[in-house]
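Below: one structure, written as structure tokens.
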Ligand code: ADE
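Numbering (our numbering), first residue to last: 9 to 230.
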């Protein structure tokens with residue numbers, strides 16, 4: 009079973025996201041264990057402080073090393089992969105989700121406020137950004153990453169059903185239809201009703217290719 013530990017100052021943000029739908033089922037079926045840790049509890053400061061003003065001056069507060077270092081030390085073992093969520097990390101994509109789904113133990117650190125002490129990077133194996141925009145903290149990013157990984161774990165969704173996802177083979181997904189056959193004058197493509205599986209596979213591949221050319225030509229150059 010994969011284990012995920014998340015370090016955050018806002019544990020309540022995770023209520024809901026991990027207690028519904030596929031993630032909830034994965035937890036209930038023991039495909040994944042997810043633990044939320046408030047690293048404020050590791051602060052040795054008498055007021056449980058976790059941040060301080062930046063050396064050299066500037067705006068805002070900076071997360072200090074001690075609570076995060078100590079929390080990580082108490083959780084990590086030889087097999088842990090420690091990941092920092094930060095807008096200057098490696099930009100997240102599906103291929104990285106597949107790689108991370110093979111890990112036994114992920115530890116995700118959510119930054120917050122104006123930033124974190126640079127030395128926190130030294131205890132991380134990987135830094136991830138979920139896109140070129142700035143969030144108020146790493147929490148939403150950690151939820152995105154956990155969601156995208158958990159659905160890839162064996163036995164979580166129907167075997168093989170993620171093989172057709174967008175981004176596999178650097179292609180977007182092909183269009184899908186369900187009943188009724190005609191809705192407000194819009195018809196389901198004839199080939200999908202033909203029962204000819206070879207033809208259907210060809211049609212879907214062509215549609216994927218066409219859609220990717222139109223919407224994400226950058227993917228095809230990879
Ligand atoms: N924290 C703030 N912005 C972020 C982003 N885009 N990705 C990951 N963590 C973040």
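C-beta: ideal position from N, C-alpha, C; glycine also.
Taking C-beta to C-beta, are residue i and residue j nearer than 7 Å?
i	j	result
residue 100	residue 136	yes
residue 134	residue 91	yes
residue 89	residue 114	yes
residue 152	residue 138	yes
residue 102	residue 175	yes
residue 21	residue 122	no
residue 118	residue 143	no
residue 79	residue 120	no
residue 230	residue 178	yes
What does a CB cutoff of less than 6 Å around residue i pick up in its chain, not counting 5 residues either side in sequence?
i	result
residue 76	47 and 128
residue 62	70
residue 112	87
Using C-beta distances below 8 Å, list every residue in its chain close to residue i, excluding the 5 sequence neighbours before and after it, in chain order.
i	result
residue 223	180
residue 29	none
residue 43	11, 12, 13 and 14
Measure the C-alpha to C-alpha separation of residue i and residue j and round it to an integer number of angstroms.
i	j	result
residue 226	residue 110	27 Å
residue 72	residue 36	35 Å
residue 201	residue 215	16 Å
residue 197	residue 208	10 Å
residue 26	residue 145	18 Å
residue 38	residue 65	47 Å
residue 58	residue 98	26 Å
residue 108	residue 193	44 Å
residue 124	residue 11	25 Å
residue 105	residue 205	30 Å
residue 213	residue 182	7 Å
residue 14	residue 34	17 Å
residue 54	residue 60	14 Å
residue 50	residue 189	59 Å
residue 23	residue 132	26 Å
residue 170	residue 184	15 Å
residue 173	residue 56	45 Å
residue 16	residue 186	42 Å
residue 218	residue 195	19 Å
By the DSSP assignment, the alpha helix (DSSP H) with residue i in it spans what residues?
i	result
residue 205	205-223
residue 187	It is not in any alpha helix (DSSP H) - residue 187 carries neither H nor E in the DSSP assignment.
residue 30	29-36
What residue does the beta strand (DSSP E) around residue i start on, and which one ends it?
i	result
residue 42	40-46
residue 13	10-16
Contact criterion: CB-CB distance below 7 Å. Does residue i meet it with respect to chain C?
i	result
residue 222	The question asks about chain C, but that chain is absent: this structure has only one protein chain.
What does a CB cutoff of less than 7 Å around residue i pick up in its chain, not counting 5 residues either side in sequence?
i	result
residue 67	122
- request: Mind listing, in chain order, the continuous beta strand (DSSP E) runs of no fewer than 3 residues lying wholly within the segment 76-161?
  value: Those beta strand (DSSP E) runs which fall completely within the segment 76-161 and span 3+ residues are 88-99, 113-118 and 134-137.
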